[in-house]
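**Student:** Below you will find the structure I want to go over with you.
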Amino acid sequence: GAVVSQHPSRVICKSGTSVKIECRSLDFQATTMFWYRQFPKQSLMLMATSNEGSKATYEQGVEKDKFLINHASLTLSTLTVTSAHPEDSSFYICSARDRDEAQETQYFGPGTRLLVL
Amino acid sequence: AQSVAQPEDQVNVAEGNPLTVKCTYSVSGNPYLFWYVQYPNRGLQFLLKYITGDNLVKGSYGFEAEFNKSQTSFHLKKPSALVSDSALYFCAVRGFYSNSGYALNFGKGTSLLVTP
């Protein structure tokens, strides 16, 4: 099946710094990637949708200046948490949709655990 | 809005027994329904989906789900549970189309514990 990777898997940073998370589709091209956030024992909340070569679409309540998303190629999307604060600590998961498949199935990355001290 | 509900926070079952994880949906139009599984500190793994066709959908790892339009349900089932099936299970429905395509709306998740 399609594989999506995320890097890093875990990151600890100081408050006020920026953190970049990469999401890659390894064996397929993804015109659309999604970024989710998951709090402990809770469901996934969609943060934004990124399309290759265009601006991301953010969900209501998600600060686009804080969570910068770039989808520079058909296999890479990045999420940058700018000026991170402890409340940004969470599990961030990306997913990607195969350009050549029916548009229903999303393939998920393994997630990135962010801890802001 | 397109949404799903998982009424159980946790399901406990003994190894070898059949398991059911419940999901009900609320949609406008025809539902596109999915089941995903999440192991600790991991991303989600796709199990199966219902788009159209047979109401009984077979997926990965021996799981299946039954689409029931009259009851607006899409319960996940497995005839014989394994300890390794213990994980968090999410039901999801395709949301409305936006300029970026379709996103998924997830249920809150159900924790499955299979005991030896």
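Quick mapping for you: the protein sequence lines, in order, are chains C and Y. Count along the first sequence from 1, then add 1200; that gives the number in this note's numbering. Count along the second sequence from 1, then add 144; that gives the number in this note's numbering. Just so you know, even glycine gets a beta-carbon here, dropped at the ideal spot from N, CA and C. Quick caveat: nothing in here was measured; it's all calculated off a predicted structure.
Note down the Cα distance separating K1264/C from Y1258/C, rounded to an integer number of angstroms.
**Tutor:** Working through the first sequence from its first residue, we reach residue 1264/C at position 64. Working through the first sequence from its first residue, we reach residue 1258/C at position 58. Approximately 7 Å, taken between the alpha carbons.
**Student:** In the segment 1256-1280 of chain C, which residues sit with their C-beta less than 7 Å from some C-beta in chain Y, listed in chain order?
**Tutor:** Going along the segment 1256-1280 of chain C in chain order, one finds T1257 with a Cβ nearer than 7 Å to chain Y.
**Student:** Would you decide whether G253/Y is buried or exposed? Buried here means 16 or more other CB atoms lie within 10 Å of its CB.
**Tutor:** Translated into the one-based positions of the second sequence, residue 253/Y becomes position 109. G253/Y should be labelled buried.
**Student:** Grouping DSSP H, G and I as helix and E and B as strand, with all else coil, what is G239/Y?
**Tutor:** Indexing the second sequence from 1 puts residue 239/Y at position 95. DSSP places G239/Y in strand when its eight states are reduced to three.
**Student:** For the segment 159-176 of chain Y and the segment 219-229 of chain Y, state whether three or more C-beta atom pairs, one from each stretch, are separated by less than 8 Å.
**Tutor:** Yes: the two stretches touch, three or more of their Cβ pairs being nearer than 8 Å.
**Student:** Spatial neighbours of S1218/C within its chain, please: CB distance less than 8 Å, with the 5 preceding and 5 following residues excluded, ordered by chain position.
**Tutor:** For the purposes of this step, residue 1218/C is identified with residue 18 of the first sequence, where counting begins at 1. Excluding positions up to five away in sequence, the list reads T1280, V1281, T1282, S1283, A1284.
**Student:** For P175/Y, does the count of other Cβ atoms within 10 angstroms reach 16, so buried, or fall short, so exposed?
**Tutor:** The sequence position of residue 175/Y within the second sequence is 31, counting from 1. Counting Cβ neighbours within 10 Å, P175/Y comes out buried, since at least 16 surround it.
**Student:** So, helix, strand or coil for S1289/C, using DSSP?
**Tutor:** Along the first sequence, one-based indexing puts residue 1289/C at 89. Reduced to three states, the DSSP call for S1289/C is coil.
**Student:** Specify the secondary structure class of V255/Y as computed by DSSP and reduced to three states.
**Tutor:** For the purposes of this step, residue 255/Y is taken as the residue at position 111 of the second sequence. Looking at the sequence shown, residue 255/Y is not Val but Ser. Note: S255/Y maps to strand in three-state DSSP.
**Student:** Run the CB neighbour count on L1314/C, radius 10 Å, all protein chains shown included, and call it buried at 16 or more, exposed below.
**Tutor:** Working through the first sequence from its first residue, we reach residue 1314/C at position 114. The residue in question, L1314/C, is buried, as its Cβ has 16 or more Cβ neighbours within 10 Å.
**Student:** Which term fits I1212/C, buried or exposed, when burial requires 16 or more other beta carbons within 10 angstroms of its beta carbon?
**Tutor:** Here residue 1212/C refers to the residue found at position 12 of the first sequence. By the neighbour-count rule (16 or more Cβ atoms within 10 Å), I1212/C is not buried but exposed.
**Student:** Among the residues of its own chain, which have a CB less than 6 Å from the CB of D1298/C, if the five just before and after it don't count?
**Tutor:** Taking the first sequence and counting its residues from 1, one reaches residue 1298/C at position 98. Closer than 6 Å at Cβ, skipping near neighbours: A1202, F1228.
**Student:** What does DSSP give as the partner residue(s) for D1298/C in the beta ladder?
**Tutor:** As a working mapping, residue 1298/C is identified with position 98 in the first sequence. Looking at the DSSP assignment, D1298/C forms a beta bridge with A1230/C.
**Student:** Got a sec, what are the start and stop residues for the beta strand (DSSP E) L192/Y sits in?
**Tutor:** Position 48 of the second sequence holds residue 192/Y. 188-194 is the extent of the beta strand (DSSP E) around L192/Y.
**Student:** Going by alpha carbons, who is nearest to F1291/C out of K1214/C, Q1238/C, V1204/C, G1216/C?
**Tutor:** Indexing the first sequence from 1 puts residue 1291/C at position 91. Checking every option, the nearest Cα to that of F1291/C belongs to Q1238/C.
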